[in-house]
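Numbering (our numbering), first residue to last: 5 to 551. Each residue gets a CB set at the ideal place from its N, CA and C atoms; glycine is no exception. Single-structure report; data block below.
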C-alpha cells in the first residue's frame with residue numbers, strides 16, 4: 005500500500021495538466037454566471053483601453069495631413085512617451101488591481117461572519133430576555149397543562165409566542181437602532197489601503213516622468229534615431245515636451261483605473277476615458293488647423309483631455325473610497341515596492357523590445373518610420389482589446405484565490421484564454437481587411453501606403469498570438485505570480501532583442517515585423533508553460549496540491 009501511495013504521489017507530481025486549456029471549451033459562448041461576469045468586466049475595460057490608442061490614431065490621422073515628416077516625428081515621440089508611461093505605471097496598475105481585489109474580498113469575507121455573530125448574539129439576548137421577563141411560576145404552570153392543543157402546535161413552551169412578544173417589546177429600541185444604522189453602513193466609503201498607496205505613488209511617478217521627459221527629450225530622440233540634422237527633430241521635440249506636461253494626469257488616471265478594476269467596476273473608467281477622448285477629438289482640429297499650432301496643437305489637446313479624465317475619475321473614486329488613511333502605517337509602500345520592482349523589470353524588458361523595433365524602423369528613414377508608426381498603432385490598438393479579458397481574468401482570479409476557490413480560479417482562467425483566442429481570430433480578419441482598405445486615412449503618400457501594405461499580413465496574422473499573450477498576463481497577475489512574470493519576460497526579451505538586431509539588418513522593415521512576431525510568440529509560450537505544467541500558484545492542477 006505504501007508503494008502504491010508513493011507511486012500515485014509521483015504520478016501527481018509529474019502530471020502535466022496541459023489539457024486544462026481545453027477544459028469545457030464547448031461552454032466558451034455560454035452566458036452562465038461566470039460568462040456574464042467576465043463580459044460585464046471585460047467589455048467596458050476593453051472599450052476604455054482601446055479608447056486612448058484610438059485617440060492616438062485620430063491624432064495620427066490629423067497629423068498625417070501635415071506631411072510624412074510630421075507623422076514620423078510624432079510617431080517617435082508617442083513611442084517614447086508610451087514606453088515611459090508603461091515603465092512607470094504598468095507595474096502600479098497591475099499590482100493595484102490585484103491588491104484591491106484581494107483586500108475588498110477579504111473585507112467582505114470578514115464582515116459576513118461578524119454579521120452572523122451579531123444575529124446569534126441578538127437571538128441569545130432575546131432568549132435571555134424572555135427568561136427574565138416571564139415569571140418562573142407561570143412557565144411551570146404552562147408546562148403542567150400539556151393540553152392537546154399545545155401538543156398540536158409542537159411548542160416546548162405553550163406561551164412561547166407571548167414570551168416572544170414581550171421580549172420583542174424590550175428589544176424594540178435595540179433592533180430599531182440596528183435598522184437605522186443599515187442605510188448608513190451602505191453609504192460609508194470603503195477603506196482600501198492599496199487605493200491610497202496607489203494614488204500617492206502614481207502622483208510622485210507622474211511628476212518624475214514629466215521632469216525626465218522634458219529635460220531628456222533630445223537625448224531620447226537621438227537614441228531613437230532622430231539625430232540633430234534630422235528634419236523630424238524639431239516637431240518631435242515639441243510634441244514630446246508638451247505631452248510630458250500631461251504625465252501626472254496620465255499616471256494618476258491609470259492608477260485610479262487600477263483601483264476601479266479591483267472593484268470589478270470598469271464602467272466608470274470607460275465613461276471618464278470616453279469623455280476625455282471626445283474632448284481630444286474636438287480640440288485636435290481646432291488647435292492643429294484653426295490655431296495653426298501643428299504638432300504642438302495635437303499635444304496640447306491630448307494633455308487637456310488627460311486632465312479631464314483624471315478629474316472625473318477622482319471625483320467618482322472619492323464617493324467610494326476613503327482616500328485619506330487613518331495613519332501612514334496603513335499605507336503599503338513595502339508591499340508595492342517589492343512586487344513593483346519585479347514588474348518593473350518585466351515592463352522594461354518588454355519596453356526595450358518594442359522601443360528597439362521602433363528605433364530600427366526610424367533608422368530606415370522617415371517614410372518607413374511613418375509606415376511603421378501606422379502599423380504599430382493599429383497593432384497595439386487592436387491587440388489591447390484583449391486586455392479587457394485580461395482585466396476581467398485578473399480581477400476574478402484574484403478574488404477566487406483570496407477566497408481559496410481554486411476551482412473558480414481555474415475555470416475563469418481557461419474561459420478567458422479560450423475567449424482570447426476566438427477574439428484574436430476575429431481581430432485578424434477585421435484588422436487585415438480594415439487596414440487594407442483604410443490605410444489612406446493615415447497618409448496620402450504612395451510610398452508610405454506601399455510599405456504599410458507590406459506590414460498588413462504581420463499585423464493581422466499576429467492577432468491571435470497577441471490576444472493570448474496579453475490575457476496570460478492578466479491570469480498570472482490575478483494569481484499574484486509576479487516573480488515568474490518578471491523572470492520569464494526578461495528571458496523572452498533577451499532572445500527577442502537579439503532577433504530584432506539580426507532580422508532588422510538582414511530583412512529591413514519585414515525583418516522587424518518578423519522579430520516582433522517571434523517576441524509575442526515567446527510571450528505566449530511562457531504563459532502556456534507556467535499553467536500548463538502546473539507549477540507556481542497552479543500546482544494544485546497536478547492532482548489537488550494546494551498552493
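Residue state for residue 194 is assigned as strand, using DSSP reduced to three classes.
Counting only the Cα atoms, residue 252 lies some 16 Å from residue 219.
Of all alpha-carbon atoms in 370, 534, 357, the one lying nearest the alpha-carbon of residue 521 is that of 357.
Here residue 310 is buried: its Cβ has 16 or more other Cβ atoms, across all protein chains shown, within 10 Å. Cα atoms of residue 367 and residue 437: separation of roughly 29 Å, rounded to the nearest angstrom. If you look at residue 246, you'll find it in the alpha helix (DSSP H) that goes 237 to 248. Contact annotation: residue 63 and residue 406 have beta-carbon atoms that are not nearer than 7 Å. Per the coordinates, the alpha-carbon of residue 22 lies some 19 Å from the alpha-carbon of residue 471. The Cβ neighbour count for residue 321, taken over all protein chains shown within 10 Å, is at least 16; the residue is labelled buried. Here the alpha carbon of residue 213 sits roughly 15 Å from the alpha carbon of residue 243.
Per DSSP, reduced to three states, the secondary structure at residue 325 is strand. Rounded to the nearest angstrom, the gap between the Cα atoms of residue 327 and residue 483 is 26 Å. For residue 533, the enclosing alpha helix (DSSP H) stretches over residues 486 to 536.
Separation of residue 490 and residue 313 (C-alpha to C-alpha, rounded to the nearest whole angstrom) is 30 Å. Here residue 509 is exposed. Its C-beta has fewer than 16 other C-beta atoms within 10 Å. Proximity to residue 85 across 265, 210, 100 peaks at 210, based on C-alpha coordinates. In this structure, residue 198 sits near residue 103, with a CB-CB distance shorter than 7 Å.
For residue 423, the enclosing alpha helix (DSSP H) covers residues 410 to 442.
Taking C-beta atoms under 8 Å as the contact rule, residue 91 and residue 348 qualify, at a distance of about 7 Å.
Within the model, the alpha-carbon separation for residue 439 versus residue 379 is close to 9 Å. Between residue 236 and residue 76, the CB-CB gap stays under 7 Å. Distances from the CA of residue 51 to each of 451, 385, 464 were compared; the closest alpha carbon is that of 385. Below 8 Å, too few C-beta pairs join the segment 414 to 421 and the segment 491 to 505 to call them touching: fewer than three.
In this structure, the beta-carbon distance from residue 241 to residue 259 does not fall below 7 Å.
Residue environment analysis places residue 411 among the exposed positions, since fewer than 16 neighbouring C-beta atoms fall within 10 angstroms of its C-beta.
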